[in-house]
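The structure under discussion appears below in the form of structure tokens.
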Amino acid sequence: MASTVRRTRPPNADLARLIEASGASHKALAHRINQLAQAAGIQSDYSHTSIANWCRRGMTPKWPVPRLLAQAVGERLGRPVPLTEIGMGEAETPDADLGLDFPREPADAVRVATSFWSSVNRRDFLTGSSFALSAFTTPVTRWLVTPADDTAHHRGGTQVGRLDLEELRDAADEARRWDSKYGGGNWRANSVTTCLEQQAVPLLQGSFSDKVGRELFSVTSELSRLAGWTAFDVGQHEVAQRHFIQALRLARAGGDVQLGCYVLTTMAMQALMRGFAEEAIDMAQGAFERAKHDAVPRVLAFTKLIEARAHARTGDGRAASQALATSESLLERTREDNGDEPGWIDFYHHARLSADATEVFRDLKNPKTALTWNQQAAAMQPGVFTRSVGMRLAIVGTAHLQARDLDHGLELGNRSVDILTRVKSTRALDYVREFNDALTPWRREPAVRDFLHRTRKGLGTASPPLAKTGAR
Numbered sequence: 001m002a003s004t005v006r007r008t009r010p011p012n013a014d015l016a017r018l019i020e021a022s023g024a025s026h027k028a029l030a031h032r033i034n035q036l037a038q039a040a041g042i043q044s045d046y047s048h049t050s051i052a053n054w055c056r057r058g059m060t061p062k063w064p065v066p067r068l069l070a071q072a073v074g075e076r077l078g079r080p081v082p083l084t085e086i087g088m089g090e091a092e093t094p095d096a097d098l099g100l101d102f103p104r105e106p107a108d109a110v111r112v113a114t115s116f117w118s119s120v121n122r123r124d125f126l127t128g129s130s131f132a133l134s135a136f137t138t139p140v141t142r143w144l145v146t147p148a149d150d151t152a153h154h155r156g157g158t159q160v161g162r163l164d165l166e167e168l169r170d171a172a173d174e175a176r177r178w179d180s181k182y183g184g185g186n187w188r189a190n191s192v193t194t195c196l197e198q199q200a201v202p203l204l205q206g207s208f209s210d211k212v213g214r215e216l217f218s219v220t221s222e223l224s225r226l227a228g229w230t231a232f233d234v235g236q237h238e239v240a241q242r243h244f245i246q247a248l249r250l251a252r253a254g255g256d257v258q259l260g261c262y263v264l265t266t267m268a269m270q271a272l273m274r275g276f277a278e279e280a281i282d283m284a285q286g287a288f289e290r291a292k293h294d295a296v297p298r299v300l301a302f303t304k305l306i307e308a309r310a311h312a313r314t315g316d317g318r319a320a321s322q323a324l325a326t327s328e329s330l331l332e333r334t335r336e337d338n339g340d341e342p343g344w345i346d347f348y349h350h351a352r353l354s355a356d357a358t359e360v361f362r363d364l365k366n367p368k369t370a371l372t373w374n375q376q377a378a379a380m381q382p383g384v385f386t387r388s389v390g391m392r393l394a395i396v397g398t399a400h401l402q403a404r405d406l407d408h409g410l411e412l413g414n415r416s417v418d419i420l421t422r423v424k425s426t427r428a429l430d431y432v433r434e435f436n437d438a439l440t441p442w443r444r445e446p447a448v449r450d451f452l453h454r455t456r457k458g459l460g461t462a463s464p465p466l467a468k469t470g471a472r
């Protein structure tokens, strides 16, 4: 593939220094770039020679390879790497801000969202930079000030009816099922972006009453959140961030405060996964406070769960326990008849709380309490919740390793790998990497060496995780 712009340039010393600091070989780096390109639907066949040309001859690969190169190096370093740091700042493009706006007016919100959705499926979609926490500042602030717009009617093209809304809801339900079973990288789960472009965009530009408009904005908000979630799951954080921002704005357009609360909580999860635990706490607390008079207890309980997980990442066991207790108390208030609850929150129940509490105390290096919580977590069907089951096994296995129980931990680690080989999820692999890190004291053991070889060969876990894992 001829994908390098041939120019006479001095050596790219910045890139060479950064690669050396990362400890990655040219061969390993080229292999990772090819993996990322394949995940983005781009054909590539880079080698160690390609990397050498970029370093020694100052050659610049065509877009979006500079972004993939920055991501691959960033994975090794455990932090985001901007294009300027690899000496390819000129590769930034006009699309860099597309999807990051949070307009005040509903009409402008529709324009921004539809423009983004119409562009994001392009193979050469240009974002120009990786996830930036600062991009959440304006959207979060504006939603906290005004979580619901006054009106939602519009006069335009095709008349939007109930059947149109049902089709979008069905698409959202199907995407949730496929994502849970096969991961965000599965083609059916990932097809939600096509649904947004081909179905949602024409409807948002059509004619609808205030009531229909509010429902239309809400369901497209949920679809955008799902599109962000699938991108989040496969490590495309810069794309996920844009989908989440548009989802939050459309929830406001629909006057759906509790959906906005859920979207903002999801944004907090992303911030947590990118290593911004303190900011994730602020976002989760803001979502709770703004929606506490509008959202049902189950939605608020989930917000407190994510706050607990963020506190655990900071090492604050007391705050984490308090947030967990609040989440549990809110779940106890949930009525058996949940007919008034939105379908998108039905996954959160006491068994899920127990499973996530296991992770909270694993992060707090408290394996005894983690394993106690795990005993309260109900079994999940691997055929339905494939990714979650695989990640949970890795989490519980890590807790056993923290308790110095190698045999039990390794047994669970192997079961986790058995399941996750069927899932396309970068996020799930981060849990396996964390399990592998916990094996460090036993790396000379033959069984451990065999396991590490298996994960490297079968799951590609040689590289360190992108950042601390945030949430499932």
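Using the UniProt record's numbering, you'd call the opening residue of the sequence shown number 1 and step up by one each time.
Cβ coordinates follow ideal geometry from the N, Cα and C atoms, glycine included.
The structure presented is a predicted model; accordingly, all values stated were derived computationally and were not measured.
Can you tell me whether residue i is helix, strand or coil according to DSSP?
i	result
Thr60	strand
His349	coil
Gln322	helix
Gln285	helix
Ser207	strand
Gln236	coil
Gln43	coil
His311	helix
Leu126	Residue placement at Leu126 cannot be trusted, given a pLDDT of 47 that sits under 50; the coordinates are not used to answer.
His154	strand
For residue i, I'd like the list of residues in its chain whose CB is within less than 6 Å of its CB, leaving aside the five on either flank, ordered along the chain.
i	result
Asp173	none
Phe302	Tyr348
Ala109	Pro103, Arg249 and Ala253
Phe435	Ala394, Gly397, Thr398 and Gly413
Arg142	Phe102
Asn34	Ser44 and Tyr46
Since residue i contacts residue j with CB under 8 Å, what's their CB separation in whole angstroms?
i	j	result
Val81	Ala148	At roughly 38 Å, the Cβ-Cβ gap does not stay under 8 Å, so Val81 and Ala148 are not in contact.
Ala200	Leu248	Ala200 to Leu248, Cβ: 16 Å. No contact.
residue 523	Leu412	Outside the displayed span of the chain (1 to 472) sits residue 523, for which this structure offers no information.
residue 478	Trp373	Since the first residue shown for the chain is 1 and the last is 472, residue 478 is missing from the structure and cannot be characterised.
Ser207	Leu250	So it is not a contact: roughly 18 Å between Cβ atoms.
Lys27	His48	4 Å
Leu439	Val448	5 Å
Ser425	Val234	7 Å
Arg454	Val417	6 Å
Ile245	Leu100	6 Å
Leu259	Leu300	That pair is no contact at about 13 Å.
Trp117	Leu203	Trp117 to Leu203, Cβ: 12 Å. No contact.
Excluding the 5 residues flanking residue i on each side, which residues of the same chain have their C-beta closer than 8 Å to its C-beta?
i	result
Leu36	Leu68, Gln71 and Ala72
Val192	Ala171, Ala172, Ala175, Leu223, Leu226, Ala227 and Thr230
Leu144	Gly286 and Arg290
Met283	Phe136, Val140, Leu264, Thr265, Met267, Ala268 and Ala271
Phe276	Leu133
Ile19	His26, Leu29, Ile51, Cys55 and Val73
Arg443	Arg449 and Leu452
Asp124	Annotation note: pLDDT 49 at Asp124 (below 50); position unreliable, no value reported.
Ala21	Leu77
Excluding the five sequence neighbours on either side, which residues of its own chain have a C-beta within less than 7 Å of the C-beta of residue i, listed in chain order?
i	result
Val360	Ala308, Arg309, Ala312, Ala320 and Leu324
Gly213	Ala152, His153 and His154
Lys457	none
Lys292	Leu300
Glu341	Val296 and Arg298
Gly87	Asn12, Asp14 and Leu15
Where does residue i land, buried or exposed, given buried means 16+ other C-beta within 10 angstroms?
i	result
Arg333	exposed
Ser25	exposed
Leu410	buried
Thr127	Any reading at Thr127 is ruled out, since the residue's pLDDT is 44, under 50, leaving its predicted position unreliable.
Arg362	buried
Lys211	exposed
Thr138	exposed
residue 474	This structure does not reach residue 474, given that the chain is present from 1 up to 472, and the question cannot be answered.
Ala280	buried
Thr146	exposed
Gly315	exposed
Thr194	exposed
At a threshold of 8 Å, does residue i count as lining the ligand FMN (C-beta to nearest heavy atom)?
i	result
Ala72	You won't find the ligand FMN in this model; it holds no ligand whatsoever.
For residue i and chain D, any beta-carbon pair shorter than 9 Å?
i	result
Ser221	Absent from the structure: chain D. Only one protein chain is present.
Determine, using beta-carbon pairs with one atom in the stretch 255-269 and one in the stretch 158-175, whether at least three such pairs fall under 8 Å. No contact exists between the stretch 255-269 and the stretch 158-175.
With three or more beta-carbon pairs closer than 8 Å as the criterion, would you say the stretch 70-78 touches the stretch 96-109? Verdict: no, contact absent.
Inter-stretch contact at 8 Å, needing at least 3 Cβ pairs: the stretch 236-245 / the stretch 216-228: By the Cβ rule, the stretch 236-245 counts as touching the stretch 216-228, because three or more pairs are nearer than 8 Å.
Decide if the stretch 365-377 is in contact with the stretch 393-406; the criterion is three or more beta carbon pairs, one per stretch, under 8 Å apart. Touching, yes.
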